[in-house]
Amino acid sequence: MSHQAKPCGQSPATGGPCDCQEAYEHLLEYLDSTLNSTSADRIRAHIESCESCSSDAITSEIVRKLLRRCCIEQAPSELRVRIVQRLRIIDEA
Ligand SMILES: [Zn+2]
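Numbering (UniProt numbering), first residue to last: 1 to 93.
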């Protein structure tokens, strides 16, 4: 099975390649499977090819599961972003 390292993909919306900023902005939506398949493919392709975004994805996935476990089905996205940002700071420290 050949895994080709493909570029992050072209954005139909912006015309530019998917970058870390875009991947990060859509990470929670991606994990929640609320993105359309085109966007999800772009984010997934970026995460798979980008080490820092893939570690963010893992961190966010952990947060998501923790929130679920705490019976917070619909945590405000602002809160979740804040938690992820806090974890990023810890991770980078
Ligand atoms: Zn990235």
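Note that CB positions come from ideal geometry on N, CA and C, so glycine has one too.
- At the C-beta level, C53 and I47 come within 8 Å of one another.
- Taking the Cα of S77 as reference, the smallest distance to any Cα among R64, D56, S39, R44 is reached at R64.
- For the UniProt domain "Putative zinc-finger" (20 to 53), the full-length alpha helix (DSSP H) segments reaching 4 residues or more read 20 to 31, 37 to 49 along the chain.
- Taking the C-beta atoms as reference points, L28 is found nearer than 8 Å to R80.
- In this structure, H26 has its CB at a distance of at least 7 Å from all heavy atoms of ligand 1.
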